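Novice: Numbering (full-length UniProt numbering), first residue to last: 1 to 223.
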């Protein structure tokens with residue numbers, strides 16, 4: 001399969017998602033629409049992955065709107081999609097649901113709790129990296145997948161091919177370091193109260209990569 005990845009900032013890369021594509025023998029193309037303005041067509045997309053970024057789906061930028069047009073076409077075609085943070089918000093925005101300020105800004109490590117067993121093999125609790133202050137609404141036809149202590153809407157699963165996560169399961173140790181050293185000022189105001197040093201000294205839980213593998217296997221399984 002051709003996996004098209006939309007990366008929205010230099011310091012939030014695909015991490016473990018790329019590990020999965022390599023392990024499964026898929027062909028991967030990484031696009032940078034914020035910089036080059038290029039996005040794939042629906043015809044050349046078997047699976048779309050939308051990563052995080054500092055922008056908001058509410059921003060009036062041409063490439064953001066073009067992304068949502070692609071998302072809508074893929075929704076109509078029932079093609080697999082995974083969104084992380086901004087990427088998940090883009091999916092819900094394309095479905096007609098608002099993206100707004102979350103009840104709390106979460107930046108750092110914090111647990112999330114499983115709310116749906118639609119995807120077999122996911123643990124009841126994970127500790128992913130959070131890096132957000134906005135929140136998507138859960139589409140009416142979707143199931144709430146994860147919640148945190150501060151923000152209820154942390155993940156959703158829509159049918160068998162669409163998953164959105166407000167947090168970052170894809171981040172490996174190198175990704176975490178890159179996010180922190182480049183964007184540590186964003187820690188200010190986080191309800192988690194963690195410093196850059198706090199985030200850096202905590203190892204990435206091995207369960208996070210296992211969970212992102214389970215999710216990607218789920219959305220790409222032929223039904």
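Even for Gly, the Cβ is constructed at its ideal location relative to N, Cα and C.
Computed from a predicted model, the values in this text were never measured in an experiment.
Is residue 287 near residue 172, with beta carbons less than 9 angstroms apart?
Specialist: Residue 287 is absent from the structure shown; the chain starts at 1 and stops at 223.
Novice: In three-state DSSP terms, what is residue 4?
Specialist: Strand, per DSSP.
Novice: What is the DSSP secondary structure of residue 23, reduced to helix, strand or coil?
Specialist: Of the three classes helix, strand and coil, the one that applies to residue 23 here is helix, per DSSP.
Novice: Should residue 34 be listed as close to the ligand PLP, given that the test is whether its C-beta is under 8 angstroms from any heavy atom?
Specialist: Ligands are entirely absent from the displayed structure, and the ligand PLP is therefore not among its contents.
Novice: May I ask you to report which of helix, strand or coil DSSP gives residue 97?
Specialist: DSSP places residue 97 in coil when its eight states are reduced to three.
Novice: Taking the alpha carbon of residue 88 as the point to measure from, which residue in 188, 212 and 51 has its own alpha carbon closest?
Specialist: Measuring from the Cα of residue 88, the nearest candidate turns out to be 51.
Novice: Using the rule of at least 16 other Cβ atoms within 10 Å of the residue's Cβ for burial, across every protein chain shown, is residue 80 buried or exposed?
Specialist: Counting Cβ neighbours within 10 Å, residue 80 comes out buried, since at least 16 surround it.
Novice: With H, G and I counted as helix, E and B as strand and the rest as coil, what does DSSP make of residue 45?
Specialist: Coil, per DSSP.
Novice: Report the option in 98, 97, 41 and 209 whose CA atom is closest to the CA atom of residue 73.
Specialist: When only C-alpha atoms are compared, the closest one is 41.
Novice: Leaving aside the five residues before and after residue 194 along the sequence, list all residues of the same chain whose C-beta is less than 6 angstroms from its C-beta, in chain order.
Specialist: Counting only Cβ-Cβ distances below 6 angstroms, and skipping sequence neighbours, we find 108.
Novice: Alpha carbon to alpha carbon, how far is residue 37 from residue 3? Give it in angstroms, no decimals.
Specialist: If I take the Cα positions, the gap works out to 18 angstroms.
Novice: Answer yes or no: does any C-beta atom of chain C fall closer than 9 angstroms to that of residue 191?
Specialist: No chain C appears in this structure, which consists of one protein chain only.
Novice: Under 8 angstroms, with one C-beta from each stretch per pair, do the segment 100 to 107 and the segment 129 to 141 reach the 3-pair mark?
Specialist: Yes, the segment 100 to 107 touches the segment 129 to 141.
Novice: With distance defined between alpha-carbon atoms, name the residue in 47, 13 and 33 nearest to residue 219.
Specialist: Per the Cα distances, 47.
Novice: How far does the alpha helix (DSSP H) with residue 178 in it extend, from its first residue to its last?
Specialist: Here the alpha helix (DSSP H) through residue 178 covers 173 to 183.
Novice: Just to confirm my understanding: we take residue 203, look at its own chain, exclude 5 residues before and 5 after, and list those with CB closer than 8 angstroms. What are they?
Specialist: Excluding positions up to five away in sequence, the list reads 173.
Novice: How would you label residue 165, buried or exposed, when you count the other beta carbons within 10 angstroms and need 16 or more for buried?
Specialist: Classification for residue 165: buried.
Novice: Which residue marks the beginning of the beta strand (DSSP E) containing residue 156, and which one marks its end?
Specialist: 155 to 158 is the span of the beta strand (DSSP E), which, as asked, contains residue 156.
Novice: Closest to residue 197 by CA distance: which of 207, 185 and 206 is it?
Specialist: Here the closest residue by C-alpha is 185.
Novice: Let me check one thing: in DSSP terms, what residues is residue 143 bridge-paired to?
Specialist: Beta-bridge pairing links residue 143 to 157.
Novice: Give the straight-line distance between the Cα atoms of residue 187 and residue 62, rounded to the nearest whole angstrom.
Specialist: In a straight line, the C-alpha of residue 187 is about 29 angstroms away from that of residue 62.
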